[in-house]
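**Student:** Residue numbers (our numbering): 3 to 329.
Ideal Cβ positions, reconstructed from N, Cα and C, are used throughout, including at glycine.
Sharing a structure with you now.
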Ligand SMILES: [Zn+2]
């Protein structure tokens with residue numbers, strides 16, 4: 003029976019798993035946190051030890067890799083990692099092919115997760131879908147006619163940097179009011195922090211913020227997107243306001259993408275899954291109002307969770323080896 007090896011180079015963790023072709027259950031699975039001072043060499047070293055411990059005497063038929071950063075998929079060359087130093091121009095596909103002598107597929111995490119959801123998750127049976135991950139950033143992966151659509155330079159699907167508020171705050175990309183600038187976890191936390199700080203210095207008293215302050219004991223540097231969601235659920239008006247703006251931004255982005263590409267489904271994964279029913283309602287409503295009435299689509303939750311990059315790795319490994327063309 004043919005064995006597939008799936009690898010996930012995330013920003014903070016490394017994971018590897020093996021599965022038999024056709025099975026939906028991991029044979030072996032290992033993950034390890036990336037050390038605080040990680041670089042490309044330490045990541046590769048840790049991954050090699052995970053792989054050899056998983057494989058023992060077995061030999062996989064293909065390897066699929068999810069990488070947390072932009073990748074040139076035609077060559078399998080990593081362009082860089084936003085979280086780990088030293089990944090500039092590392093030929094990851096070439097290194098693995100050389101070491102293991104089997105076909106290897108490498109792609110960025112959003113594209114890989116999109117493939118995973120398409121093949122094994124919430125996108126099964128849908129040939130045209132758009133996957134969005136909302137967590138530390140906002141990324142997108144586009145499946146068109148059952149295949150990933152990457153664009154000329156591998157940059158297709160960047161919904162995170164669609165501008166929804168041209169007069170909004172400046173994003174890390176240099177533009178104003180991007181979806182990511184309003185809807186990612188760290189930026190939601192920053193938006194709350196800035197309002198609370200301004201308020202402290204001007205001694206203005208407003209409604210909201212009390213629950214948030216309580217959660218972090220007045221140390222505003224501890225605020226996270228997750229805590230903003232929790233405070234909103236507990237009724238904090240400021241948290242509700244910032245979370246609503248995030249849902250609105252995502253909804254406008256999704257509505258515009260729906261008009262442009264008319265997919266059957268949007269699949270949303272990442273930390274956003276825990277943002278609460280209210281958040282999802284706003285996203286759905288705003289997306290619906292933004293898109294043309296004739297453009298139909300559904301917005302659903304991803305179902306593969308933390309394993310999406312690994313299941314996507316399996317999908318990309320199957321694509322990498324022509325032997326599995328009919329799998
Ligand atoms: Zn941006």
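1) Helix, strand or coil: how does DSSP classify residue 187 here?
2) Which ranges would you report for the alpha helix (DSSP H) in the region 27-99 if only whole runs of at least 4 residues count?
3) Report the residue from 221, 213, 147 whose alpha carbon sits nearest the alpha carbon of residue 231.
4) Using the C-alpha atoms, what's the distance from residue 261 back to residue 17?
5) Just to confirm the assignment: which complete beta strand (DSSP E) runs, minimum length 3, are found wholly within the region 128-170?
6) For residue 136 and residue 157, what's the separation of their Cα atoms in angstroms?
7) Under 7 Å, CB to any heavy atom of ligand 1. Which residues pass, going along the chain?
8) Tell me which residue opens and which closes the alpha helix (DSSP H) that residue 247 is part of.
9) Bridge partners for residue 180 per DSSP, in chain order?
10) What are the boundary residues of the alpha helix (DSSP H) that residue 280 is part of?
11) Quick check on residue 175: buried or exposed, where buried means 16 or more other Cβ atoms within 10 Å of its Cβ?
12) Give the secondary structure of residue 197 by DSSP, where H, G and I count as helix, E and B as strand, and everything else as coil.
13) Could you please give the first and the last residue of the uninterrupted alpha helix (DSSP H) stretch that includes residue 19?
14) With burial defined as no fewer than 16 other Cβ atoms inside 10 Å of the residue's Cβ, what is the status of residue 298: buried or exposed?
15) Kindly identify the DSSP beta-bridge partner or partners of residue 227.
16) Under 8 Å Cβ to Cβ from residue 178, same chain only, skipping five residues before and after it: list those, please.
17) Terminal residues of the continuous alpha helix (DSSP H) containing residue 320?
18) If you draw a straight line from the alpha carbon of residue 101 to that of residue 55, how long is it in whole angstroms?
19) In terms of alpha-carbon separation, which member of 116, 113, 70, 117 lies closest to residue 94?
20) If residue 350 and residue 271 are in contact, beta carbons under 8 Å, what's the gap, nearest whole angstrom?
21) Give the straight-line distance between the Cα atoms of residue 248 and residue 188, rounded to the nearest whole angstrom.
22) Rounded to whole angstroms, what's the CA-CA distance from residue 322 to residue 184? Just pull it up for me.
23) How about residue 134 and residue 268: are their beta carbons less than 9 Å apart?
24) Excluding the five sequence neighbours on either side, which residues of its own chain have a C-beta within less than 7 Å of the C-beta of residue 294, listed in chain order?
25) In three-state DSSP terms, what is residue 110?
26) In the DSSP assignment, find the unbroken alpha helix (DSSP H) run with residue 213 in it and report its ends.
27) On the DSSP bridge list, what partners appear for residue 10?
28) With distances taken between CB atoms, is the gap from residue 277 to residue 118 smaller than 9 Å?
29) State whether the region 191-198 contacts the region 280-289, with contact taken as three or more CB pairs (one from each stretch) at a distance under 8 Å.
**Tutor:** Looking at the coordinates:
1) helix
2) 42-57
3) 213
4) 37 Å
5) 131-136, 140-146
6) 17 Å
7) 162, 163, 173, 174, 175, 177, 180, 182, 183
8) 239-263
9) 165
10) 279-292
11) exposed
12) helix
13) From DSSP, residue 19 is part of no alpha helix (DSSP H) but of the beta strand (DSSP E) over 15-22.
14) exposed
15) Answer is none; residue 227 lacks a bridge partner.
16) 165, 167, 168, 169, 170, 171, 172
17) 310-322
18) 15 Å
19) 70
20) Any answer about residue 350 is impossible in this case: the structure gives the chain only from 3 up to 329.
21) 11 Å
22) 37 Å
23) yes
24) 261
25) strand
26) 212-218
27) 17, 68
28) no
29) no
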